[in-house]
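Q: Dropping the structure in here first, questions after.
In mature numbering (1 follows the signal peptide of the UniProt record, and there is no 0), the protein residues as written are -22 to -1, 1 to 612.
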């Protein structure tokens, strides 16, 4: 019984020695190569069952491309140095210590183990270096791809952790480092920092909140299956980042500082919600992309949509909260383009909205500002166009041709001196405001003008010359006038002065407007008659003027200066009626900002430098009184 137990113990002990042996590099041979048996304390070349120890001070070399030198694991201690010029492999987790270094000149790393780098790994020479499928490098410290280090082929996984830095910094005149995957199985997963000045990535990049810094040159990311989950993207002045290829999946919030351009050529997929919120003097240039995924892509920083047609499909929403320069057509196949209250869309040359399908949801919804300043025609074809914000047509024609209709909602404002064209097949619902002119001017409307009981026509009366001193809505077609009309006075008219504020080439088919309206300037309140005349003119005529109730409004004596103003508006208070609120309004009465004052100081300061040049109103509110004054922002 005791003999059997002894033999069993010996067998188990020998089995453990066979399956888990340690081989320490001692350097006793004629060279420093691993394939020299005398360099190992075990007197033989280590194999797949050996845990290799490279002690402090050791300098060893893996040499040989004919076969793979496969070991169980590698542990590099102290300042150990390993040079790799051949095929090598690890079965289990291996560690490069904090002060240890690997110089990888050529060859392939095989798995299935993971090499954890806590020190420094530097790719060297122009020959290729390959991470085979199934192998993993986990970089916790520094991985260098210097100039002339050749292609880095990742067929397995390279994971750059939160503490890791992958540095591909080459001289401006040097070669462009390339990280590639020839099998499309390779993944570069980044939680840490990637530094580059001339880098091409031709594999799946999964950026999990990591940072990519492009210091100079062009960083190209080209793969059909990249994923960006948040992260920081910084591009220095003179540098550029390009996203090229298939489809990039976005999630989280992408931030960074763009001093150089970010050019995006590939498609974008957003399954849930993703936000692009870059700072800096440059912007995102979105070129020839399709947006899909069914989620919402939020543009929270300036963006250009350029070059050709960009599609929105799969019930996906593109939500603009910043400045969007539209230089090409957006093809809304099945989705929504939402311009929020903080968004500004500039309709430049070649801009437009169209569709290539018949999906139930294809809409352009504006809650912010749409600005058209070019003389060309901007088409809005076969999609629903709903305006809850401001559409400012300063030049050219905005042409809507859609059986899904155009709606100017209650908060919507259409203004400017260009042309809004509505085709006969486009249903029009107008509960909002039409405000002709550019202080003042003529807004042209082509089609049959329609309005509902909540609609308003807002005109500015600064003199008697039509189109230059007072506003006019010029309609080519019939008109149905419903709702109300409002006038803003900039001068004191005489009794019986007449203002033709709207004309039609066809007939006025409805005229359900107030018979009179009032408007004030200074201490005078004017009453105007409202009439639809000759079946083709909407006319205001001065009937009377009286001294308004605000004759005794002490706020009228408050001084507001300078006017015109560039940066800061000064308000000199009247001690008899201290101001509690200062409201900054657009010329058509839309609130821009409300300032609450809690001071008895004589002078108030109101910053206005953020406003574009133009006419504005400022409302001063005290406990019992209020008054409105007009200001000019330079």
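All C-beta atoms, glycine included, are put in the ideal place defined by N, C-alpha and C.
DSSP puts residue 414 in a beta bridge; with which residues?
A: BP columns for residue 414 point to 394.
Q: Can residue 463 and residue 438 be called in contact, C-beta distance under 7 Å?
A: No, the pair does not count as a contact, with Cβ atoms beyond the cut-off.
Q: Which word fits residue 530, buried or exposed, when buried means at least 16 other C-beta atoms lie within 10 angstroms of its C-beta?
A: With a pLDDT of 45 at residue 530, under the threshold of 50, the predicted position of this residue should be treated as unreliable, though the coordinate-derived value follows. Exposed, because fewer than 16 other Cβ atoms sit within 10 Å of the Cβ of residue 530.
Q: Note down the Cα distance separating residue 539 from residue 611, rounded to an integer number of angstroms.
A: Looking at the two C-alpha atoms, the distance is approximately 11 Å.
Q: Does DSSP put residue 534 in a helix, a strand or coil?
A: Residue 534 falls in the helix class under three-state DSSP.
Q: Give every residue of the same chain whose Cβ lies closer than 8 Å to the Cβ of residue 151, excluding the five residues on either side of it in the sequence, and list them in chain order.
A: Per-residue confidence for residue 151 stands at a pLDDT of 48, beneath the threshold of 50, marking its modelled position as unreliable; no derived number is given.
Q: If we count the other Cβ atoms within 10 Å of its Cβ and call it buried at 16 or more, is residue 473 buried or exposed?
A: Classification of residue 473: exposed, given that the 10 Å Cβ count is below 16.
Q: Indicate the three-state DSSP secondary structure (helix, strand or coil) for residue 252 in the structure shown.
A: If DSSP states are grouped into helix, strand and coil, residue 252 belongs with the strands.
Q: Applying the 10 Å Cβ sphere with the 16-neighbour rule, what's the burial state of residue 204?
A: That one is buried.
Q: Where DSSP assigns a beta bridge to residue 12, which residues make up the other side?
A: Beta-bridge pairing links residue 12 to no other residue.
Q: Considering only the alpha carbon of each residue, which of 366, 368, 405 and 373 lies closest to residue 383?
A: Of 366, 368, 405 and 373, the residue nearest in Cα terms is 405.
Q: Look at the alpha carbon of residue 20 and the alpha carbon of residue 257, and state the distance between them as a whole number of angstroms.
A: Each residue's alpha carbon lies about 59 Å from the other.
Q: Do the CB positions of residue 277 and residue 254 come within less than 7 Å of each other?
A: Contact flag set, yes.
Q: Quick one: using the 10 Å Cβ neighbour count with 16 as the cut-off for buried, is residue 537 buried or exposed?
A: Exposed: under 16 other Cβ atoms inside 10 Å.
Q: Any idea if residue 588 is buried or exposed, counting beta-carbon neighbours within 10 angstroms, 16 or more meaning buried?
A: Result: exposed.
Q: Would you mind sorting residue 183 into buried or exposed? The rule is 16 or more other CB atoms within 10 Å of its CB.
A: The residue in question, residue 183, is buried, as its Cβ has 16 or more Cβ neighbours within 10 Å.
Q: Ignore the nearest five residues each way along the sequence and tell me which others in residue 487's own chain have a CB closer than 6 Å to its CB.
A: Cβ neighbours of residue 487 beyond the five flanking positions: 456 and 458.
Q: Could you tell me if residue 220 is buried or exposed, where buried requires 16 or more neighbouring beta carbons within 10 angstroms of its beta carbon?
A: Label assigned to residue 220: buried.
Q: Roughly how many whole angstroms lie between the Cα atoms of residue 528 and residue 597?
A: Since pLDDT at residue 528 reaches only 43, below the 50 mark, its modelled position is unreliable, and the value read off the structure follows with that caveat. Their Cα atoms are separated by approximately 14 Å.
Q: Could you give the DSSP three-state label for residue 403: helix, strand or coil?
A: Coil at residue 403, not helix or strand.
Q: Confirm, please, whether the CB-CB distance from residue 63 to residue 84 is below 7 Å.
A: Their beta carbons are under 7 Å apart, which means residue 84 touches residue 63 by this criterion.
Q: Drop a sphere of 10 angstroms on the beta-carbon of residue 267, count the other beta-carbons inside from all chains shown, and report buried for 16 or more, exposed for fewer.
A: The residue in question, residue 267, is buried, as its Cβ has 16 or more Cβ neighbours within 10 Å.
Q: Which residue's Cα is closest to the Cα of residue 569: 434, 371 and 389?
A: Here the closest residue by C-alpha is 389.
Q: Is the stretch 118 to 136 in contact with the stretch 160 to 169, if contact means three or more CB pairs nearer than 8 Å?
A: The answer is yes - the stretch 160 to 169 touches the stretch 118 to 136, with three or more Cβ pairs under 8 Å.
Q: Pull up the distance between the alpha-carbon of residue 428 and that of residue 460, whole angstroms please.
A: Spanning the two alpha carbons is a distance of roughly 8 Å.
Q: Just reading off the beta strand (DSSP E) that residue 247 is part of, what are its end residues?
A: That run of the beta strand (DSSP E) goes 245 to 247.
Q: For residue 493 versus residue 508, is the C-beta spacing smaller than 7 Å?
A: Yes, Cβ-Cβ distance for residue 493 and residue 508 is below 7 Å.
Q: Please state if the CB of residue 229 and the CB of residue 245 are separated by a distance shorter than 7 Å.
A: Their beta carbons are not under 7 Å apart, which means residue 245 does not touch residue 229 by this criterion.
Q: Which stretch, first to last residue, makes up the beta strand (DSSP E) that contains residue 341?
A: From DSSP, the beta strand (DSSP E) with residue 341 extends over 340 to 344.
Q: Starting from residue 574 and walking both ways along the beta strand (DSSP E), at which residues does that stretch end?
A: Where residue 574 is concerned, the enclosing beta strand (DSSP E) stretches over 569 to 574.
Q: Going by DSSP in three states, residue 528 sits in which element: helix, strand or coil?
A: Low per-residue confidence applies at residue 528: pLDDT is 43, beneath 50, and the placement is therefore not dependable, though the value from the model is reported in the following sentence. If DSSP states are grouped into helix, strand and coil, residue 528 belongs with the helices.
Q: Leaving aside the five residues before and after residue 593 along the sequence, list all residues of the same chain whose C-beta is less than 7 Å from its C-beta, in chain order.
A: Closer than 7 Å at Cβ, skipping near neighbours: 417, 565, 608 and 610.
Q: For residue 17, which of helix, strand or coil comes out of DSSP?
A: In the structure shown, residue 17 sits in a helix (DSSP, three-state: H, G or I).
Q: By DSSP, does residue 270 sit in helix, in strand, or in coil?
A: Three-state DSSP puts residue 270 in a strand.
Q: Can you tell me whether residue 605 is buried or exposed, with buried defined as 16 or more other CB within 10 angstroms of its CB?
A: Flag for residue 605 reads buried.
Q: What are the residues that DSSP puts in a beta bridge with residue 438?
A: For residue 438, which the question treats as bridged, DSSP gives the partners 466.
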